[in-house]
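Chains as they are written, first to last, in our numbering: chain C, 1 to 82; chain V, 1001 to 1082; chain W, 2001 to 2743; chain A, 3001 to 3233.
Every residue gets a Cβ at the ideal spot worked out from N, C-alpha and C, and that includes glycine.
Input: a single structure, listed below in structure tokens.
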Ligand SMILES: Nc1ncnc2c1ncn2[C@@H]1O[C@H](COP(=O)(O)OP(=O)(O)O)[C@@H](O)[C@H]1O
Ligand SMILES: [Mg+2]
């Protein structure tokens, strides 16, 4: 059993209003050293697979097909033993 | 300059409808080895701070005050050199 | 020995929320001591939330029948006849405590829960409304977060599930600082022959659970809602349910498809106390028993104890009582929608409520005993503050110098200002029935394929009820009905939401009893029976005390022809402005006293229910006669606010001349009841005045709609108000933004 | 002339679109099911608004992988008319049948309001009932309506006349302050390069029944109908 952790973020250069809002919110309660906040998604999943290489290929495939939209998002992931 | 990566997830045991929908979606296009999907948020931010310890305390504080709702969410984070 | 045993067990039932005498009673019913599972069944079913232990005896005051009432209280929602063999069903429900702790999820699941009540009647949910009460946001922080999360939660759920949110109210007072109120209402539509009931008839028929998996969500929510809201308590976190409006949408589609066939004899949604209360209620109605095997319940979590499965409040689940042999057919339809429908038990003839785990009996009690929660009739005591507030005299406050400034302040006041900030986050047009959208007095929906519609409103006034629970409650019903008639709808019936503090306190009990009497009296006078409701008691916190007594009235009305639909904004220049009703020198309980003088004091304005009925009948009559171009009731902020609102919503100004010998503030901002502001062409205006005189109603032309964009009010040659409409609009439109501004 | 309304789990404007064709246009219409691989005899397809799959992950992210979407692609490739409204637009961008993507509104809130739009290109099968520069009111109701595409893509679309509607004020002025959701170039609706697939965030069907106070959206359906009739001879 493997575990995959996938992170999907808006591509650099695309305005992230949510990140801006969080930053403003933090600023307004005194966290004024925080800059450049970006908000993305993290997905955790179990893979009923043993082979690390096959798992990697499979997660790549899911990201391309569904988990991320390449027009606006980039993704990265990490796979480990569960 | 430091960089913090904060992950906010629904607490274990709390129903994650989004995770389930993603899992069903993946299943329907053939990724049937994926189980237990949970979807959370990932926040990336720059900290205009130098001291690792102070940064840690500060990020803890933001999570408690704003980034996570302790009633339903748990958080974790990692801080590194930018 | 026996003493020691009692001492140990005392802890167990008390921890479950049962009193000593309740425990004694249930052992008598059972003829033995209960086991843990059985104790949990009683603790849930006998809680205030499920058992209405303090409110049930008071419900006897309500009028619950009438020519249009198809179903009164007792089912998931009441039903009223809207002609042509069509009916609507509606109900409201509170989700106060969950919303205080997890405002987004609490509010969202509140919306989901009430939609399922409507679905359980066999109806298609066609509209949602919500009534929200918060503390003043004041400085930034917690309250502002609560407000925006609650509204976000309501929006997300309603928008996704595809039921338009067409109305409601948002009110503010620090009485709700520690304990906000979130009440949601839903209205459904169906043909008369499609009505479903929550009944488990037919021995051998199957109990099927449909929709979501069962987890440990909302463990003990029913008893949680029946406790004071303590400082954040880790144990209560299990009470947080997460809603899935997508699942709910599928549930609606699948259930309505199943209902088309003749497979189902009974339906019940799973709300408070989940599988338990839904199955007990259906069995009790049929006089049958039921048997449920918890092992058959599809679960999301492992190692759930039988009582956890029975009382879980996982969302988006329904119970169907399915004819024996039809189970596969039902399952097939659910499967089409990617849902399951699973047999978890069946109807028996022995009148027992039997819980099994893998075929082994783990609890068994008489069905009737679970439904027979003990009730409490307590002795109320008039709260001490009433002596003081009733002693208020108008001359205790000085007349402000600048009345223009007062009007602008009132237009921007939290209770009065535009709630567009809120309702633009709600899809109020989906389903394509919304004829009058949020922002007017009543929301109006058309009934597709007909020339008729329905009016829907939700109203409350905690301050009124705090200052005079009985007359305050009467006033709310009267105001709701006014909102209906000015919109062209004939009031039909109400559902009530009783939000109060801890009823075991004599002062709170007094408020509860008096409010119920007030609602009851007004409903009789206006012929709007009570066809359902909800009670949320124990709304108090150690820090902030009890909330204002806050009965909330959800009302529906019938618009006989869409030609009758009337809105508040002025329509044409040179139309005459008409005031119906008597303006008295009343400042007590007003928004004006609160906002301008910081006083929550005085008595609620006088209310003559007979006159109210006469005036409302008259308004509806002249609207149906086509004499009226715009109509608006006079409510919070009185005459000046109503006039400004009718200008703001239009492109016109108004020039008004009054001649009443009284304090200018009472004249402009006093909240004398039973008043209406209309506009009409001059011929019609003449007819209206004549007709009013015939009916013995006070009516007069007070001014004219002008092209000049100013709101001008004179009294006996003295100019009291002169403000550009634009300034009024600005104050009204930005009030909520200012409240929510984060810096 | 058959119309089809494609139904996904979570679509909630399907009945509204059905109503617009059936009751307002008075033309035959049927529902198409997301699991179908054959669409049968249809001449135009509406992908309605709503929250297909709860909008989980991203609006349209799961729906665009449905079996029926392959059939929709085939239908469009053969020149059939397809219009995606709101969530339907999101599904069409996710499936790459239209360029760009729809991000969260810049105000971070769901937005439901009656919106003024300016007709940018009236020379399409979807907009022929309008004149260039017409100002019309269609309701919007969305959380992710903030249209984004890479600058090169936008330049190309502008050059090809692929922008059908832009957000504007009552006087037809298009500016940042009249843009409700942050869409690039105030884009409210677009068409593909071959001119037979449209996506738009505003709801023309909600502006088609005068009982509800708005009916300028009816023109979209009438335009489509006229095109279909002309091409069927
Ligand atoms: N929470 C809400 N949700 C939807 N609509 C709301 C909400 N609050 C207020 N509104 C709408 O704003 C308008 C004004 O509300 P309110 O001031 O309470 O009116 P009234 O005094 O006539 O009852 C109504 O159309 C109402 O439906
Ligand atoms: Mg009103």
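The C-beta distance from residue 2596 of chain W to residue 2668 of chain W rounds to 11 Å, too long to meet the 8 Å contact threshold. Using beta-carbon distances, residue 2215 of chain W counts as an interface residue toward chain V, with a partner under 9 Å. Close CB contacts of residue 2395 of chain W within its chain, under the 7 Å cut and outside five residues either way in sequence, are absent.
Using a Cβ-Cβ cut-off of 9 Å, residue 3094 of chain A does not count as an interface residue toward chain W, since no Cβ of chain W sits closer than that to its own. In this structure, residue 3030 of chain A lies near residue 3040 of chain A, with their beta-carbon atoms less than 9 Å apart.
For residue 2246 of chain W, the nearest CB of chain A lies under 9 Å from its own CB, placing it at the interface with that chain.
By the neighbour-count definition (other C-beta atoms within 10 Å, threshold 16), residue 2013 of chain W is a buried residue.
Taking the Cα of residue 3079 of chain A as reference, the smallest distance to any Cα among A:3023, A:3223 and A:3197 is reached at A:3197.
One thing to note: residue 1015 of chain V has its Cβ within 9 Å of the Cβ of residue 2212 of chain W.
Legend: CB atoms of the region 60-74 of chain C lying less than 9 Å from CB atoms of chain A belong to residues 65, 66, 67, 68, 69, 71, 72 and 73. Residue range 3029-3033 is occupied by the beta strand (DSSP E) that includes residue 3031 of chain A. Only exposed fits residue 3210 of chain A, as fewer than 16 other CB atoms lie within 10 angstroms of its CB. Residue 2529 of chain W has its alpha-carbon roughly 26 Å from the corresponding atom of residue 2163 of chain W. Taking a C-beta distance under 9 Å as the contact criterion, residue 2092 of chain W and residue 2129 of chain W qualify as a contact pair. In this structure, residue 2560 of chain W sits near residue 2452 of chain W, with a CB-CB distance shorter than 9 Å. Contact annotation for residue 1025 of chain V against chain A: 3053, 3056, 3057, 3061, 3062 and 3065 [CB-CB distance below 8 Å, chain order]. Per DSSP, the beta bridge partners of residue 1035 of chain V are C:46. Each of W:2508, W:2387, W:2412 and W:2373 was checked against the Cα of residue 2026 of chain W, and the nearest Cα belongs to W:2373. In the DSSP assignment, residue 2738 of chain W falls outside any beta strand (DSSP E) and lies within the alpha helix (DSSP H) extending over 2725-2740.
DSSP, read as helix, strand or coil, puts residue 2143 of chain W in helix.
Bounds of the alpha helix (DSSP H) holding residue 2597 of chain W are 2591-2597. Residue 2491 of chain W and residue 2087 of chain W have their C-alpha atoms roughly 14 Å apart. As the crow flies, the alpha-carbon of residue 2079 of chain W is around 39 Å from that of residue 3058 of chain A.
Not flagged as an interface residue toward chain C: residue 1011 of chain V, since no C-beta distance is shorter than 9 Å. Scanning W:2724, W:2548 and W:2488 for the CA closest to the CA of residue 2440 of chain W turns up W:2488. The CB of residue 3009 of chain A comes closer than 9 Å to the CB of 2246, 2249, 2250, 2253, 2337 and 2338 in chain W, given here in chain order. Taking a contact as a CB-CB distance under 8 Å, the pair residue 2519 of chain W and residue 2469 of chain W does not count as one, their CB atoms being some 10 Å apart. Neighbours of residue 2160 of chain W in chain A, taken as residues at a C-beta separation under 9 Å, are given in chain order as 3010, 3012, 3050, 3051, 3054 and 3055.
Per DSSP, reduced to three states, the secondary structure at residue 1065 of chain V is helical. Between the region 2380-2391 of chain W and the region 2060-2076 of chain W there are fewer than three C-beta pairs closer than 8 Å, too few to call the two in contact. Between residue 2510 of chain W and residue 2600 of chain W, the gap from beta carbon to beta carbon reaches 9 Å or more. A Cβ-Cβ distance of about 6 Å is found for the pair residue 3142 of chain A and residue 3086 of chain A, placing them in contact under the 8 Å criterion. The Cβ atoms of residue 2522 of chain W and residue 2618 of chain W do not sit closer than 9 Å to each other. Nearest in C-alpha terms to residue 40 of chain C, of all of C:19, C:77 and C:71, is C:19. One Cα belongs to residue 2338 of chain W, the other to residue 3200 of chain A, and the distance between them is close to 29 Å. Contact annotation for residue 31 of chain C against chain V: 1058 and 1062 [CB-CB distance below 7 Å, chain order].
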